[in-house]
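Residue numbers (full-length UniProt numbering), protein chains in the order written: chain C, 1 to 206; chain Y, 1 to 206.
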């Protein structure tokens with residue numbers, strides 16, 4: 001058996017992972033300015049000075065690039081929310097902050113970055129893995145907070161944990177879903193998130 | 001002052017209100033078969049053997065016809081749900097039935113009548129008065145049930161009534177909204193409506 005000899009490729013510009021990042025950044029930039037549907041793979045290739053064929057070595061389709069952009073943006077929301085779980089607040093306060101931050105960060109992503117709203121709507125409606133990951137991340141944060149609240153004696157423990165988490169995750173959906181968020185004004189949404197969080201906290205009371 | 005003399009118009013076919021109904025029925029039929037966007041006012045006029053100009057005497061635009069069709073379909077849901085409010089069940093059971101019937105009737109309207117889903121989505125997203133009326137009707141039924149539950153001592157009375165109603169109405173939205181309903185299977189929705197109803201009932205407990 002021959003020993004494996006590491007193959008050293010001639011250096012031809014940025015490393016592969018950097019190229020990948022470069023494509024995602026160009027895509028984010030283009031989607032922000034022109035929208036997802038009006039951006040082609042050729043536009044992105046041109047922006048970073050490579051051929052479309054080269055871009056296809058990294059992403060098999062425009063949708064794959066869209067997924068990567070969504071993964072990036074939703075991942076940033078998840079990272080910010082995860083910090084709430086690790087603060088020193090009571091579980092009730094963590095839950096309140098989780099709801100209100102989810103709303104404000106989703107609004108910022110979908111509306112301040114208006115053009116990104118379109119791609120997020122496509123992702124949510126078509127169950128892209130980025131949207132599914134985001135949902136799973138939220139569910140897991142929620143579960144941690146509920147478990148903590150039960151352990152600390154803040155929340156009731158009679159109802160099965162999974163039932164409680166599934167119900168609260170369902171109740172949260174409208175505050176992270178691009179299509180739902182656009183139907184109300186931010187003020188209406190903020191009022192609604194408040195009264196719904198209070199309802200959830202009453203449902204968790206012992 | 002001259003006495004008002006009733007004007008008797010010569011009889012020229014169906015009475016006006018019957019014509020209006022006829023246009024709505026033809027529209028419902030066309031929207032079901034071809035969808036809202038693919039139906040023109042001319043198609044409807046042709047179907048009932050009148051001119052487009054004649055149809056425009058009753059409805060100023062295709063959207064106005066769409067509104068009337070939505071009003072009709074959502075009104076049927078509201079009528080059926082209103083019966084729940086007047087049964088002899090406990091307020092908790094009424095609330096459970098209100099949630100599950102809202103889901104099943106919305107699913108039936110939007111999905112068994114697949115083509116009507118499109119128009120309902122347009123109505124919901126653009127806040128057509130039909131969608132607003134439906135929302136208001138649901139809110140009023142909900143409020144009646146909560147008031148009754150408070151009077152009977154089934155529900156807590158500490159939280160302001162309007163806050164409770166607004167929160168529950170918000171929690172119900174995904175079960176009546178055409179865009180939300182299409183993202184899950186009916187089985188997932190039924191499971192979700194059940195766990196969310198239970199969450200709401202826990203939040204109402206004394």
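Every residue, glycine too, gets a C-beta built ideally from N, C-alpha and C.
Could you work out which residue in Y:202, Y:118, Y:170, Y:109 is closest to residue 136 (chain Y) when comparing CA atoms only? For the residues Y:202, Y:118, Y:170, Y:109, the minimum Cα distance to residue 136 (chain Y) belongs to Y:170.
Between the alpha carbons of residue 143 (chain C) and residue 155 (chain C), how many angstroms are there, rounded? Looking at the two C-alpha atoms, the distance is approximately 12 angstroms.
Does chain Y have any CB closer than 8 angstroms to the CB of residue 180 (chain C)? Answer yes: the Cβ-Cβ gap between residue 180 (chain C) and chain Y drops below 8 angstroms somewhere.
To the nearest angstrom, how far is the alpha carbon of residue 193 (chain Y) from that of residue 51 (chain C)? Whole-angstrom Cα-Cα distance: 50 angstroms.
Measure from the alpha carbon of residue 198 (chain Y) to the alpha carbon of each residue in Y:95, Y:73, Y:176, then state which is nearest. Comparing alpha-carbon positions, the option among Y:95, Y:73, Y:176 lying closest to residue 198 (chain Y) turns out to be Y:95.
Below 6 angstroms CB to CB, which residues in the same chain sit around residue 68 (chain C) once its five sequence neighbours on both sides are set aside? Contacts found: 24.
Entirely within the segment 92–124 of chain C and at least 3 residues each: give me those beta strand (DSSP E) ranges in chain order. Here no run is fully enclosed.
Indicate the three-state DSSP secondary structure (helix, strand or coil) for residue 153 (chain Y) in the structure shown. Coil at residue 153 (chain Y), not helix or strand.
Would DSSP call residue 182 (chain Y) helix, strand or coil? Coil, per DSSP.
Exposed or buried, residue 202 (chain Y), counting other C-beta atoms within 10 Å across all chains shown (16 or more means buried)? With a 10 Å radius around the Cβ and a threshold of 16 neighbouring Cβ atoms, residue 202 (chain Y) comes out buried.
Using only alpha-carbon positions, find the residue among Y:81, Y:85, Y:107, Y:179 that is nearest to residue 146 (chain Y). Ranked by how close their Cα comes to the Cα of residue 146 (chain Y), the residues Y:81, Y:85, Y:107, Y:179 have Y:85 in first place.
Only counting the same chain, and skipping five residues up and downstream in sequence, which positions put a Cβ closer than 6 angstroms to that of residue 59 (chain Y)? Closer than 6 angstroms at the Cβ level, and outside the excluded window around residue 59 (chain Y), lie 65.
Quick check on residue 187 (chain Y): does DSSP put it in helix, strand or coil? Of the three classes helix, strand and coil, the one that applies to residue 187 (chain Y) here is helix, per DSSP.
Starting from the C-beta of residue 117 (chain Y), find all residues in its chain whose C-beta is less than 6 angstroms away, skip the five residues before and the five after it, and write them out in chain order. Result list for residue 117 (chain Y): 110, 178, in chain order.
Which word fits residue 1 (chain C), buried or exposed, when buried means at least 16 other C-beta atoms lie within 10 angstroms of its C-beta? Reliability of the predicted coordinates at residue 1 (chain C) is poor, the pLDDT of 48 falling under 50, and the value obtained from them is presented with this limitation in mind. It counts as exposed.
In terms of residue numbering, what span does the alpha helix (DSSP H) encompassing residue 55 (chain Y) cover? Counting along the chain, the alpha helix (DSSP H) containing residue 55 (chain Y) begins and ends at 52–58.
For a cutoff of 8 angstroms on Cβ pairs, would you count residue 47 (chain C) as touching chain Y? Not one chain Y Cβ lies under 8 angstroms of residue 47 (chain C).
So, are the CB atoms of residue 54 (chain Y) and residue 45 (chain Y) less than 8 angstroms apart? A contact, by the Cβ cut-off of 8 angstroms.
Apply the 10 Å Cβ neighbour rule to residue 189 (chain C) and answer buried if 16 or more other Cβ atoms are within range, or exposed otherwise. Classification for residue 189 (chain C): buried.
Determine, for residue 113 (chain Y), whether the minimum Cβ-Cβ distance to residues of chain C falls below 8 angstroms. Taking Cβ atoms only, chain C never reaches closer than 8 angstroms to residue 113 (chain Y), which makes this a no.
Chain C beta carbons: is any one of them nearer than 8 angstroms to that of residue 157 (chain Y)? Cβ-Cβ to chain C under 8 angstroms: no for residue 157 (chain Y).
Relative to the C-alpha of residue 63 (chain Y), which candidate in Y:158, Y:129, Y:48, Y:76 has its C-alpha closest? Each of Y:158, Y:129, Y:48, Y:76 was checked against the Cα of residue 63 (chain Y), and the nearest Cα belongs to Y:129.
Residue 49 (chain C): buried (16+ other C-beta within 10 angstroms of its C-beta) or exposed? That one is exposed.
When every heavy atom of the ligand SAM is checked, does at least one fall within less than 7 angstroms of the C-beta of residue 167 (chain C)? By its list of ligands, the structure shown contains no ligand whatsoever, and the ligand SAM lies outside what it can speak to.
I need the straight-line Cα distance from residue 115 (chain C) to residue 31 (chain C), nearest angstrom please. Those two C-alpha atoms are separated by around 6 angstroms.
Neighbour flag for residue 103 (chain C) against chain Y, beta carbons, 8 angstroms: Using a Cβ-Cβ cut-off of 8 angstroms, residue 103 (chain C) does not count as an interface residue toward chain Y, since no Cβ of chain Y sits closer than that to its own.
By a C-beta neighbour count over all protein chains shown, 10 Å radius and 16 as the cutoff for buried, is residue 105 (chain C) buried or exposed? Around the CB of residue 105 (chain C), 16 or more other CB atoms lie within 10 Å, so the residue is classed as buried.
In whole angstroms, give me the CA-to-CA distance for residue 34 (chain Y) and residue 15 (chain Y). Rounded to the nearest whole angstrom, the C-alpha separation of residue 34 (chain Y) and residue 15 (chain Y) is 28 angstroms.
Note down the Cα distance separating residue 206 (chain Y) from residue 141 (chain Y), rounded to an integer number of angstroms. Rounded to whole angstroms, the gap between the alpha carbons of residue 206 (chain Y) and residue 141 (chain Y) is 21 angstroms.
Ends of the alpha helix (DSSP H) at residue 34 (chain Y)? Where residue 34 (chain Y) is concerned, the enclosing alpha helix (DSSP H) stretches over 16–34.
For residue 88 (chain Y), three-class secondary structure by DSSP: Three-state DSSP puts residue 88 (chain Y) in coil, outside helix and strand.
Count the other CB atoms, across all protein chains shown, that sit within 10 Å of the CB of residue 174 (chain Y); report buried if there are 16 or more and exposed otherwise. Looking at its Cβ environment, which holds 16 or more other Cβ atoms inside 10 Å, residue 174 (chain Y) is buried.
Distance, Cα to Cα, residue 187 (chain C) vs residue 107 (chain C)? Those two C-alpha atoms are separated by around 11 angstroms.
Taking residue 168 (chain Y) as part of the alpha helix (DSSP H), name the residues at either end of that continuous run. From DSSP, the alpha helix (DSSP H) with residue 168 (chain Y) extends over 161–172.
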